[in-house]
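Colleague:
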Amino acid sequence: MSATTADGAGEATGAGGEGRSPAVREPLLCFPDPAPAALAKCLAEAGYPYQAVSGADRARDAEPEAGFSGGVVSAAEDPEAALALCRALRGAESPLTPLLLVVEAGQLGTLEGHDELFDDFVLVGSLGDELEARLSHLLARTGRGKHRDVITYGPLALNLETYQAVVAGRPLDLTFMEYELLRFLAAHPGKVFTREVLLSRVWGYEYFGGARTVDVHVRRLRAKLGEEHANLIETVRSVGYRFGRVRWAP
Amino acid sequence: MQSQRDYVLRQVEERGVRFVQLWFTDVLGTPKTVSITPAELENALDEGMTFDGSAIDGFSRVQESDVIARPDPTTFQILPFRAGGSTLARVFCDVLNIDGSAFEGDPRHVLRRALEQAYSRGFTFYASPELEFFYFAEDDHAMSGGWRPEPPRPIDRGSYFELTVADLATDLRKKTVLTLEDMGIPVEYAQHEDAPGQHEIDLRYTDALTMADTVMTVRLVVKEIAQERGVLATFMPKPLAGEQGSGMHTHFSLFADGRNAFYDPDDERGLSKVARQFIAGLLEHAPEITAVTNQWVNSYKRLVAGYEAPVNVSWAHNNRSTLVRLPVVKRGKTESTRVEYRAPDPACNPYLCFAVVLAAGLRGIEKGYELPPEAAHNLFLLSEAELAAAGIRPLPRTLDEALKVMERSEIVATTLGEHVFEWFLRNKRSEWDEYNRQVTPYELGRYLPTL
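As given, the protein sequences belong to chains A and B, one line each in that order.
The numbering of the first sequence is the numbering used here, which starts it at 1 and goes up by one.
The numbering of the second sequence is the numbering used here, which starts it at 1 and goes up by one.
If you want it as structure tokens, here you go:
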């Protein structure tokens, strides 16, 4: 298994960070392992850290606590294994999104009928600038792209530069920790987090209120989101919380 | 912290906030505020704002009267109401001495200290209060604070508002709940209470410090919204003789390692040893802390038999005549195991109230107190002799009695700290003395013609 953190982006910090906290930069999942040379070069040049995996099991083991920030799966070498991996990633409890598929021009036909398994695709011949542009576009929607200033999800928009949160055009007046929690959740749509993980990732230190603090803040956020949008944050029974809906299920 | 500070400054800029209110609380639980402009905010966040503490009840000292209000940036919140079209924000403050140490007269500090005590034993303390209050027709008497020949008139019975009765009170309550939710204060229930004009707002649990801040906010929001419609909202414990008073029954729980420390799956009733000892501590020290949880002359008009207010030191599962009640926990909701303390009224200082309740409970855990037997009957039906025979002590019946017990209480002195303890006793003594000098309408009505 090979791994690289091309830009050296460290763990995201919560409340303890200096100034504007960096957006979360977990590595991208990359298939196969090792990553094809052209793809590896392209990701490194574009400044995306990634983690190459050989299949669904390895993906599960190697998954960072806050999840991969997305996936780049090359189908050029072994199309069947690639699609099987996509299926597994999308069918997981926290489906991986966004997923970018790398294919040979001659394989385009095999994608038919599998639209839910990936968010976009790019031809092997167009790696380089095009892969970078497509990745950046896909990641921007979850605030994990290179331009990490805005996170949008459905009616919600968070401007990370101005700290403004808007739901359906209505500004939300959040406290700092409410904002931090919402930002973290919205940056990982579909991913389930336990209270403990949220506490350590968002609060970043052992907080006075203990793990129940998370419940309290989620309730406050839901109250502020209003009845109509309160379900943006879902409770996952006896696990924790998930932001946004699962867009694809097996 | 730097990022919190930046967040606050950026919000003020982006949202066009014109004034930031620095909130703090005096020893009696009265909200105090200093308004500053955004230009002053940066400095306030870094160094705090200096002001003369001698003007604040319970802050005054013989020498050095200057203190510093330092904003707690985690509490920064834009307010949903405006002043003359300007956007307002508030931030709660900790009060410090000029040398930067915590000011011992600050109720927020008193509660923080108690919470740290609990935390050093691995406990976090949660509170969920139910605030009762009355809506009355506002008139000149209510505002002048002077002699009032008639009792206040509830807005939903026999008042000028008769024609719009239900609507007005329901409107006010609905608007209050929506405003609170906008401020991130989730409301569990809001309902009309027993007495005419009486309403209740139940807040979802949160850590006790945030909850004390929240109680301050809720009292303000309830009053503010009522006032917009020419209605007087009051948290006075017993405004109408012969009707229920307003309580602040509060549900408390301790968590350790993220689990409810009051719950034990192996116990027949799901109650842990920690819970039993906590209740035992609360009962043992209940008379001592009553002056704090019920701090006004009028508070003791509520604590009388015949209404749903406690008068004895007792506990039971789901028996509303007792001081401590253990609400039924729904199946599978073991994390909500909690203790309800029914003495406090909504006119208390919530910081001090939560601090003394916690201290009493912790003392029970620390010393391993035994929980006395559960009260088996409706205690309201027992005579004093029967109660005494059952070993059930009464709660203090007047502010005077409560102060006498508190005076000798080591636990209250330690929890409040010398400064607050002494000032509180002095202030309350003088309240009692002043009350004793009054000749009341009751006396005139009863004695004037016949004696």
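In this text, a Cβ means the ideal position worked out from N, Cα and C, and glycines have one as well.
(1) Quick check on the burial criterion: 16 or more other C-beta atoms within 10 angstroms. Buried or exposed for I68(B)?
(2) Report all residues from its chain with a CB closer than 8 Å to the CB of E422(B); omit the five preceding and five following residues, and keep chain order.
(3) Going by CA-CA distance only, name the one from S314(B), I78(B), Q11(B) and V439(B) that's closest to T217(B).
(4) For K224(A), go through chain B and note every residue whose CB falls closer than 9 Å to its CB, in chain order.
(5) Can you give me the C-alpha to C-alpha distance between D301(A) and E77(A), rounded to a whole angstrom?
(6) Kindly indicate if chain A contains any beta-carbon less than 9 Å away from that of T170(B).
(7) Measure the beta-carbon distance from V313(B) to P287(B) and round it to whole angstroms, keeping in mind my assumption that it falls under 8 Å.
(8) With 9 Å as the threshold, decide whether the Cβ of E196(A) is near any Cβ in chain B.
(9) Go through its chain and collect everything with a Cβ distance to D498(B)'s Cβ below 7 Å, but skip five positions before and after it.
(10) Taking 6 Å as the limit between beta carbons, can you name the residues of its chain near T74(B), skipping five residues before and five after?
(11) Beta strand (DSSP E) containing W315(B): first to last residue?
(12) Nearest to E224(B) by alpha carbon, out of T210(B), F103(B), S246(B) and V177(B)?
(13) Around the Cβ of H317(B), are there at least 16 other Cβ atoms within 10 angstroms (buried) or fewer (exposed)?
(14) Return the chain-ordered ranges of every alpha helix (DSSP H) run that is complete within the region 76–132 of chain A and spans a minimum of 4 residues.
(15) Under the three-state reduction of DSSP, which class applies to L371(B): helix, strand or coil?
(16) In the DSSP assignment, find the alpha helix (DSSP H) that holds S299(B) and state where it starts and stops.
(17) Between which two residues does the alpha helix (DSSP H) holding L41(B) run?
(18) Return helix, strand or coil for C42(A), following the three-state DSSP convention.
(19) With a threshold of 9 Å between beta carbons, is D207(B) in contact with chain A?
(20) Please decide whether R219(A) counts as near chain B, where near means a Cβ-Cβ distance under 9 Å.
(21) Among T210(B), M406(B), S86(B) and V222(B), which one has its Cα closest to the Cα of H217(A)?
(22) Taking C-beta to C-beta, are D202(B) and P129(B) nearer than 9 Å?
(23) According to DSSP, is A56(A) helix, strand or coil?
(24) Going by CA-CA distance only, name the one from V412(B), R437(B) and N436(B) that's closest to L425(B).
(25) Could you list the residues in the region 174–197 of chain A with a C-beta less than 8 Å from some C-beta on chain B, going in chain order?
(26) Closer than 9 Å, CB to CB, is Y126(B) near chain A or not?
(27) Spell out whether any CB of chain A is found under 9 Å from the CB atom of R365(B).
(28) I need the DSSP call for H217(A), collapsed to helix, strand or coil.
(29) Can you give the beta carbon distance from E431(B) to V304(B), rounded, assuming they're within the 8 Å contact cut?
(30) Are the region 319–332 of chain B and the region 401–421 of chain B touching by the rule of at least three beta carbon pairs closer than 8 Å?
(31) Whole-angstrom Cβ separation of D213(B) and P80(B), contact assumed at under 8 Å?
(32) Considering only DSSP beta bridges, list what Y351(B) is partnered with.
(33) If you check the beta carbons only, do P189(A) and T97(A) fall under 9 Å apart?
(34) Residues of chain B with CB under 8 Å from T162(A), in chain order?
(35) So, with DSSP's three-state summary, where would you put L163(B)?
(36) For T75(B), go through chain A and note every residue whose CB falls closer than 8 Å to its CB, in chain order.
Modeller: Well, looking at it:
(1) Along the second sequence, read from residue 1 onward, the residue named residue 68(B) stands at position 68. Burial call: buried.
(2) As a working note, residue 422(B) is residue 422 in the second sequence. No residues qualify anywhere along the chain.
(3) On the second sequence, residue 217(B) is found 217 positions in, with the first residue counted as 1. For the residues S314(B), I78(B), Q11(B) and V439(B), the minimum Cα distance to T217(B) belongs to I78(B).
(4) Your numbering for residue 224(A) matches position 224 in the first sequence. In chain order: E181, D182, M183 and G184.
(5) The first residue shown for chain A is 1 and the last is 250, placing residue 301(A) beyond what the model contains.
(6) Counting from 1 along the second sequence, the entry for residue 170(B) is found at position 170. Output row for T170(B): interface = no.
(7) Position 313 of the second sequence, counting from 1, holds the residue named residue 313(B). Position 287 of the second sequence, counting from 1, holds the residue named residue 287(B). The pair is a contact, with the Cβ atoms about 7 Å apart (cut-off 8 Å).
(8) As a position in the first sequence, residue 196(A) is number 196, starting the count at 1. E196(A) counts as touching chain B.
(9) Any property of residue 498(B) remains undetermined from this structure, which presents chain B solely from 1 to 451.
(10) As a position in the second sequence, residue 74(B) is number 74, starting the count at 1. Nothing meets the Cβ criterion.
(11) Residue numbering aside, residue 315(B) sits at position 315 when the second sequence is read from its first letter. W315 to H317 is the span of the beta strand (DSSP E), which, as asked, contains W315(B).
(12) Indexing the second sequence from 1 puts residue 224(B) at position 224. Minimum Cα distance to E224(B) is reached at V177(B).
(13) Mapped onto the second sequence, residue 317(B) falls at position 317. H317(B) should be labelled exposed.
(14) 79–91
(15) Working through the second sequence from its first residue, we reach residue 371(B) at position 371. Three-state result, L371(B): coil.
(16) Along the second sequence, one-based indexing puts residue 299(B) at 299. S299 to R302 is the extent of the alpha helix (DSSP H) around S299(B).
(17) As a working mapping, residue 41(B) is identified with position 41 in the second sequence. Unbroken alpha helix (DSSP H) run through L41(B): P38 to E47.
(18) Along the first sequence, one-based indexing puts residue 42(A) at 42. Three-state result, C42(A): helix.
(19) Position 207 of the second sequence, counted from the start, is the residue given in the question as residue 207(B). Interface residue, yes.
(20) To locate residue 219(A), count along the first sequence from 1; it is residue 219. It does; some Cβ of chain B falls within 9 Å.
(21) The count along the first sequence starts at 1 and reaches residue 217(A) at position 217. Closest option to H217(A), Cα to Cα, is T210(B).
(22) Here residue 202(B) corresponds to residue number 202 of the second sequence, with the count starting at 1. Here residue 129(B) corresponds to residue number 129 of the second sequence, with the count starting at 1. Taking 9 Å as the Cβ cut-off, D202(B) and P129(B) qualify as a contacting pair.
(23) Residue 56(A) sits at position 56 when you count from the first residue of the first sequence. Residue state, collapsed to three classes: helix.
(24) Working through the second sequence from its first residue, we reach residue 425(B) at position 425. The shortest Cα separation from L425(B) among V412(B), R437(B) and N436(B) belongs to V412(B).
(25) L174, T175, F176, M177, E178, Y179, R195 and E196
(26) Here residue 126(B) refers to the residue found at position 126 when the second sequence is read from its first residue. It does; some Cβ of chain A falls within 9 Å.
(27) By 1-based counting over the second sequence, the position of residue 365(B) is 365. Looking at the sequence itself, residue 365(B) is Ile, so the reference to Arg does not match. I365(B) does not count as touching chain A.
(28) Numbered from 1 along the first sequence, position 217 holds the residue referred to as residue 217(A). Correct three-state label for H217(A): helix.
(29) Numbered from 1 along the second sequence, position 431 holds the residue referred to as residue 431(B). Numbered from 1 along the second sequence, position 304 holds the residue referred to as residue 304(B). That belief does not hold up - the Cβ atoms of E431(B) and V304(B) are roughly 19 Å apart, past 8 Å.
(30) no
(31) Residue mapping note: residue 213(B) aligns to position 213 of the second sequence, counting from 1. Residue mapping note: residue 80(B) aligns to position 80 of the second sequence, counting from 1. No, D213(B) and P80(B) are not in contact; Cβ-Cβ is about 16 Å, not under 8 Å.
(32) Reading the second sequence from its first residue, position 351 is the one you call residue 351(B). Residue pairing by DSSP leaves Y351(B) without any beta bridge partner.
(33) As a first step, residue 189(A) must be located in the first sequence, where it is residue number 189. As a first step, residue 97(A) must be located in the first sequence, where it is residue number 97. In this structure, T97(A) lies closer than 9 Å to P189(A) by Cβ.
(34) As a working note, residue 162(A) is residue 162 in the first sequence. Simply R10 and E14.
(35) Against the second sequence, residue 163(B) aligns to sequence position 163. Residue placement at L163(B) is flagged as unreliable, the pLDDT there being 48, under the threshold of 50; a coordinate-derived value is accordingly withheld.
(36) Within the second sequence, the letter at position 75 stands for residue 75(B). Neighbours of T75(B) on chain A, chain order: T175.
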